[in-house]
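Take a look at the structure below.
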Amino acid sequence: SPTATAAEGTSLEQNVRTLKRVLEREYISFFDPMKTEYYDEDVTFEDPLTSLSGVAAYQGNVDMLSGRTLLGKILFTDA
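Residues 4 to 82, numbered by our numbering, are exactly what the sequence shown covers, in order.
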C-alpha cells in the first residue's frame, strides 16, 4: 500500500541518517569506540592491502592501526 511504502521510505531515510552520523563519529574518533552493532557479524572489508572477514577482525585491525594493541604500539609509535 502507498502508506506502508511511505513509512518504509521514512524508516530507511532515518536509518541512513543514523548510520551516516555513526560513521562520521567513528572516522573522527578513529573508531574509539567502534559501534559494532551497526555492522553485520559476517561483513567483509577489502582494500588494496588487506581483506578481512567479520566485524571482530575489522575491529582488531582498526585497534592495531590506532595503537590500541601491543603490536600497534610497537609498529605505530606515533599513533
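Here a beta-carbon is modelled for each residue, glycine too, at the ideal position from N, C-alpha and C.
In the DSSP assignment, find the unbroken beta strand (DSSP E) run with L55 in it and report its ends. Here the question's residue 55 lines up with position 52 in the sequence shown. Element bounds for L55: S54 to S56.
Which term fits Y30, buried or exposed, when burial requires 16 or more other beta carbons within 10 angstroms of its beta carbon? Position 27 of the sequence shown, counting from 1, holds the residue named residue 30. It counts as exposed.
Pick from A59, T72, Q17 and E16: whose alpha carbon is nearest that of D45? For the purposes of this step, residue 45 is identified with residue 42 of the sequence shown, where counting begins at 1. Minimum Cα distance to D45 is reached at A59.
Reduced DSSP secondary structure (H/G/I, E/B, other) of E49: Walking along the sequence shown from the start, residue 49 turns up at place 46. Here E49 sits in strand by DSSP.
Rounded C-alpha distance that separates K23 from L73: Counting from one through the sequence shown, the residue named residue 23 turns up at place 20. Counting from one through the sequence shown, the residue named residue 73 turns up at place 70. Their Cα atoms are separated by approximately 31 angstroms.
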